[in-house]
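**Student:** Please find one structure pasted underneath; my questions will follow.
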Amino acid sequence: MVDSKDEKWLEKALKNCFSNSNGKSDKDAKLLEGFSMLVLNIAKNLQDDLAEAKALWQREPASRELKEKFDSLARRLFYLERYCREKIEHELS
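Per the working numbering: the sequence shown = residues 60 to 152.
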């Protein structure tokens, strides 16, 4: 689950990235906005999959396949979040 502090930080960073006052063209802003929406959608889907896997794992903790799925989803979500944060920080610098 996303921390509310992280949500506020992301919202502020994205608003800054989309602002024309920082020298970005409308085209750049639209590309960044589209990319951000895609990434946020992917992250949401991963979070949903992760919650599902976690619930199943709690009901069937002996399932090795389910644990592997849970671990894979957790890694994918972690790397997606890290990649997005790095891209946003790069845009803000």
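Every residue gets a Cβ at the ideal spot worked out from N, C-alpha and C, and that includes glycine.
Look up residue 102 in the DSSP assignment and say whether it is helix, strand or coil.
**Tutor:** helix
**Student:** What's the call for residue 90, buried or exposed, on a 16-neighbour Cβ count within 10 Å?
**Tutor:** exposed
**Student:** Please determine, among 98, 86, 87 and 93, the residue with the shortest C-alpha to C-alpha distance to residue 142.
**Tutor:** 98
**Student:** Under three-state DSSP, which class holds residue 112?
**Tutor:** helix
**Student:** Under the rule that 16 or more other beta-carbon atoms within 10 Å means buried, what is residue 110, buried or exposed?
**Tutor:** exposed
**Student:** Use the C-beta contact count for residue 121: other C-beta atoms within 10 angstroms, 16 or more gives buried, fewer gives exposed.
**Tutor:** exposed
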